[in-house]
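In numbering that gives the first Met the number 0, the protein residues as written are 0 to 431.
Backbone N, C-alpha and C fix where the C-beta goes; we use that ideal spot for every residue, glycine too.
A quick note: this is a predicted structure, and the numbers were derived from the prediction, not measured.
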Amino acid sequence: MNPALRIDHVRLTPVLVKDPPLLNTQGVHQPLTPRLVVEVVTAGGVVGLGETYGDTKYLDLARPLAEALPGRLVTDVNGLFVLAAEVCGTAAAKDADGRVDAGGLRGVQTADKLLLSVVSAVETACLDALGRSLGLPVHALLGGRVRDEVEYSAYLFYKWGAHPGAAPEEADPWGEALDPAGLVEQARRFARLHGFGSFKLKGGVFAPDREIAAIRALAEAFPGAPLRLDPNGAWSVETSLAVARELEGLPALEYLEDPATGTAAMAEVAAGTHLPLATNMCVTTLAEVPEAFARGAVSIVLCDHHYWGGLHRTRELAALCGTYGIGLSMHSNTHLGISLAAMTQVAATLPALHHACDTHYPWLTEDVITTAPVFRAGRLAVTDTPGLGVELDRDRLADLHRRWAEDDGRYRDRDDAAAMRAADPEWRPTRW
Ligand SMILES: O=C([O-])C(=O)C[C@H](O)[C@@H](O)C(=O)[O-]
Ligand SMILES: [Mg+2]
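Here it is as structure tokens:
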């Protein structure tokens, strides 16, 4: 094997990135959100990039894994899972509570899932390094692309005009969006800036009637555009079925995403509506697949290369879904341009990806890559540039890392509920 492809060292750089005051059923996004940038440096001097969640529990796993990587080949991505279990197994188990992740928005939190989220960044970085070394794009390393561009959906959020306690000059340029008119305006701006032709509304913030009105307003403003509503499991089975009855006649509604929490509740909802149900909450690990598929709880799984364990594992999930006639879409959590490039590269290789992918990226005003990707008609071109096709802006990375280093711990672990309670100490999540 080519010795230049051996890993010489790995750099881990946690950063804090500005995030707007976006509302969800668990609270509101904090002004800064953590991400982890992973650089795998080969003996040949090539640097591969990866990115994942930056909360402390992920950093605690990434550190021992990074130390164990030197000397291994960047081609040995299957071996990463074995290595990670060996060097981080107990640490991962300690941080997992087996129930839900910190924000409760991404399903169960298991030791395996935490580990997979860290391995995914290393796998992506290894593939980036290998691609750069061979002069091949990452999609070629995954078997080649089946499309030239990947479509993304505009991710609409109810939002405040500023973070609690922000100075007037720190107001968010997108302003407030708390009613149907505000969301339609937000959607128009997304369509104008990036050409998005499909829209997802993050729900579970207000009473369902109010969110149904918003979906109707979007359907009227964008005739024929595919729409989705995702309350992150905030509704009971009865409420989910009542909302489904209201929206069943709306041909533009592509799917309802996680109306209720858990496989049993989702299966009950699915049995009572013709609307397809999608999830990034009740099927987020392989262990959850058999029951959810057998009970018909979901029609569409939203893949996410971070917690499914990387780009190869995402392709395996796609094959599994295909076998059971389950559709595929792509989930997003706040992420930088490295992950967006990884999402685009793997999405380009998935023949059965029939829905536009989610992305939070257009909400961000900061990044660690040199050139911002440009959405045209809501799509990103799939590049043939070697690796992921993105370059690190080292000054920017250093700035965002300095912010992390100087943080007193307030923002190092995402906590939407804490941010909400800063505005309203009595706040509790509402369920309908
Ligand atoms: O589709 C989803 O459930 C998400 O994107 C989860 C996210 O954490 C989202 O709710 C957010 O960023 O507030
Ligand atoms: Mg969701």
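Checklist entry - Quick one: what's got a C-beta closer than 8 Å to Val-297's C-beta in the same chain, skipping five residues either side? => result Closer than 8 Å at Cβ, skipping near neighbours: Met-265, Ala-269, Leu-276, Ala-277, Thr-278, Cys-281, Val-282, Ala-291, Ile-325.
Checklist entry - Mapping DSSP to helix, strand and coil, what is Asp-7? => result Note: Asp-7 maps to strand in three-state DSSP.
Next on the checklist: Can you find the residues in the same chain that come closer than 6 Å, C-beta to C-beta, to Val-236, ignoring five residues on each side of it along the sequence?
Outcome noted: So the qualifying residues of the chain are Ala-259, Ala-264, Glu-267, Val-268.
Next on the checklist: Quick check on the DSSP output: what are the complete alpha helix (DSSP H) runs of length 4 or more inside the segment 305-332, in order along the chain?
Outcome noted: List check, alpha helix (DSSP H) in window: 310-322.
Checklist entry - Exposed or buried, what is Arg-10 when buried is set at 16 or more other beta-carbons lying within 10 Å of its beta-carbon? => result That one is exposed.
Checklist entry - Buried or exposed: His-334, going by 16 or more other Cβ atoms within 10 Å of its Cβ? => result Counting Cβ neighbours within 10 Å, His-334 comes out buried, since at least 16 surround it.
Next on the checklist: DSSP three-state label for Arg-375, please.
Outcome noted: Arg-375 falls in the strand class under three-state DSSP.
Checklist entry - So the alpha helix (DSSP H) Glu-267 belongs to, where does it begin and stop? => result Counting along the chain, the alpha helix (DSSP H) containing Glu-267 begins and ends at 262-270.
Checklist entry - Does the beta carbon of Lys-201 fall short of 7 Å from some heavy atom of ligand 1? => result Distances from the CB of Lys-201 to the heavy atoms of ligand 1 include at least one below 7 Å.
Next on the checklist: Checking 8 Å against the spacing of the C-beta atoms, do Leu-379 and Val-137 come in under that value?
Outcome noted: Contact flag unset, no.
Checklist entry - Quick one: what does DSSP say Ala-421 is sitting in, helix, strand or coil? => result Helix at Ala-421.
Checklist entry - If we call anything under 8 Å between Cβ atoms a contact, is Leu-104 one with Ile-6? => result With respect to Ile-6, Leu-104 sits apart: the two C-beta atoms are not nearer than 8 Å.
Checklist entry - Based on the DSSP secondary-structure assignment, which residues constitute the bridge partners of Gly-26? => result Asn-23, per the DSSP bridge assignment.
Checklist entry - Is there contact between the segment 363-380 and the segment 193-209, where contact requires at least three CB pairs shorter than 8 Å? => result Because the criterion of three Cβ pairs below 8 Å is met, the segment 363-380 and the segment 193-209 touch.
Checklist entry - Apart from the five residues on each side of it in sequence, which residues of its chain come closer than 7 Å, Cβ to Cβ, to Thr-343? => result So the list reads Val-149, Leu-379, Val-381, once near-sequence residues are dropped.
Next on the checklist: Taking its Cβ as the centre, do 16 or more other Cβ atoms sit within 10 Å of Ala-418, making it buried, or is it exposed?
Outcome noted: Ala-418 is buried by the Cβ-count criterion.
Next on the checklist: Less than 8 Å between the C-beta atoms of Leu-217 and Leu-226, yes or no?
Outcome noted: Against a cut-off of 8 Å, the Cβ pair of Leu-226 and Leu-217 comes out as a contact.
Next on the checklist: On the CB-based measure, 16 or more other CB atoms within 10 Å of its CB, does Arg-34 come out buried or exposed?
Outcome noted: When all chains shown are included, Arg-34 counts as buried.
Item to check | Integer Cβ distance of Ala-317 from Leu-339, believed to fall under 8 Å | outcome: Not really, about 19 Å apart at Cβ, beyond 8 Å.
Checklist entry - Excluding sequence positions up to five away, which residues of its chain have a Cβ less than 7 Å from the Cβ of Gly-142? => result Correct list, in chain order: Thr-348.
Checklist entry - What separation, rounded to the nearest whole angstrom, lies between the Cα atoms of Met-329 and Leu-249? => result It is roughly 23 Å from the alpha-carbon of Met-329 to the alpha-carbon of Leu-249.
Item to check | For Leu-48 and His-391, believed in contact at Cβ under 8 Å, the rounded distance | outcome: The sequence given here has Leu at residue 391, not His. So it is a contact: roughly 6 Å between Cβ atoms.
Checklist entry - Would you call the CB atoms of Ala-421 and Pro-30 closer than 8 Å? => result Contact: no.
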